[in-house]
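Student: To start, I am sharing the structure in question, which I have written as C-alpha cells.
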Amino acid sequence: MRLQPRNKRLYKKALEIFTLSRNISNYMIHDMAALESNGSENQHIYFTGDIIRQSDALAPKIINAENQIFQDDRIKHANSLIRITNRLYKNCERLEQSESNGKEFITLLRRELRKFKHLQRNWLMTL
Numbered sequence: 001m002r003l004q005p006r007n008k009r010l011y012k013k014a015l016e017i018f019t020l021s022r023n024i025s026n027y028m029i030h031d032m033a034a035l036e037s038n039g040s041e042n043q044h045i046y047f048t049g050d051i052i053r054q055s056d057a058l059a060p061k062i063i064n065a066e067n068q069i070f071q072d073d074r075i076k077h078a079n080s081l082i083r084i085t086n087r088l089y090k091n092c093e094r095l096e097q098s099e100s101n102g103k104e105f106i107t108l109l110r111r112e113l114r115k116f117k118h119l120q121r122n123w124l125m126t127l
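With the first letter of the sequence shown counted as 1, position 85 gets the number 85 in the working numbering; the numbers rise by one all the way through.
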C-alpha cells in the first residue's frame with residue numbers, strides 16, 4: 001500500500017484546508033462558547049467541530065482512493081471525497097450566518113475549498 005499521494009497538489013491543498021479550518025475553529029469557538037441571553041448555547045458552535053472533522057478526512061480519502069486496485073473502488077472513494085467536500089462547504093456557509101468575528105476567515109476557507117474542488121475535478125479524470 002502506498003502512503004504517498006500521486007497528486008501532490010491536491011493532497012497539499014487538503015492539508016492546507018485542514019490547518020486553516022482548525023485555526024478558524026479555534027478562533028471562532030471563543031466567540032460562540034458563551035451562552036445566549038436565554039441560557040441556550042449558540043447553535044453554530046457544532047459547525048466549528050464539523051469543519052475540523054470533515055477537513056481532517058480529506059487527505060486520507062485522497063490516499064485511500066488512489067490506493068484502490070479497481071477503478072470502481074477508486075471512483076467510489078473519490079465520490080465519498082466529493083460528498084465530504086460539499087458538506088464542508090455547506091458548513092462554511094452555515095458558519096458565515098453566525099454572529100462571530102471570524103466570519104471573514106470562513107470566506108477565505110470557502111475560497112480555498114473552491115480551489116480544492118477545481119483540483120479535485122482534474123484529479124478525478126486521472127483515476
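All residues carry an ideal CB built from backbone N, CA and C; glycine is no exception.
Where does E66 sit, in a helix, a strand or coil, going by DSSP?
Tutor: helix
Student: Are there 16 or more other CB atoms within 10 angstroms of the CB of N181, so buried, or fewer, so exposed?
Tutor: No answer is possible for residue 181: the residues shown for the chain start at 1 and end at 127.
Student: Report yes or no: do the region 13-29 and the region 95-105 share at least 3 C-beta pairs separated by less than 8 Å?
Tutor: yes
Student: Are there 16 or more other CB atoms within 10 angstroms of the CB of S37, so buried, or fewer, so exposed?
Tutor: Taking every protein chain shown into account, the CB of S37 has fewer than 16 other CB atoms within 10 angstroms, so this residue is exposed.
Student: Using the Cβ count rule (16 or more neighbours within 10 Å means buried), how would you classify F70?
Tutor: exposed
Student: Nearest-angstrom Cα distance between G49 and L127?
Tutor: 31 Å
Student: Less than 8 Å between the beta carbons of L15 and A57, yes or no?
Tutor: Going by C-beta atoms, L15 is not nearer than 8 Å to A57.
Student: Quick check: does the Cβ of N7 come within less than 7 Å of any heavy atom belonging to the ligand GDP?
Tutor: Inclusion of the ligand GDP in the displayed structure is not the case, the ligand content being empty and no account of it being possible.
Student: Output the boundary residues of the alpha helix (DSSP H) element that contains Q71.
Tutor: 71-96
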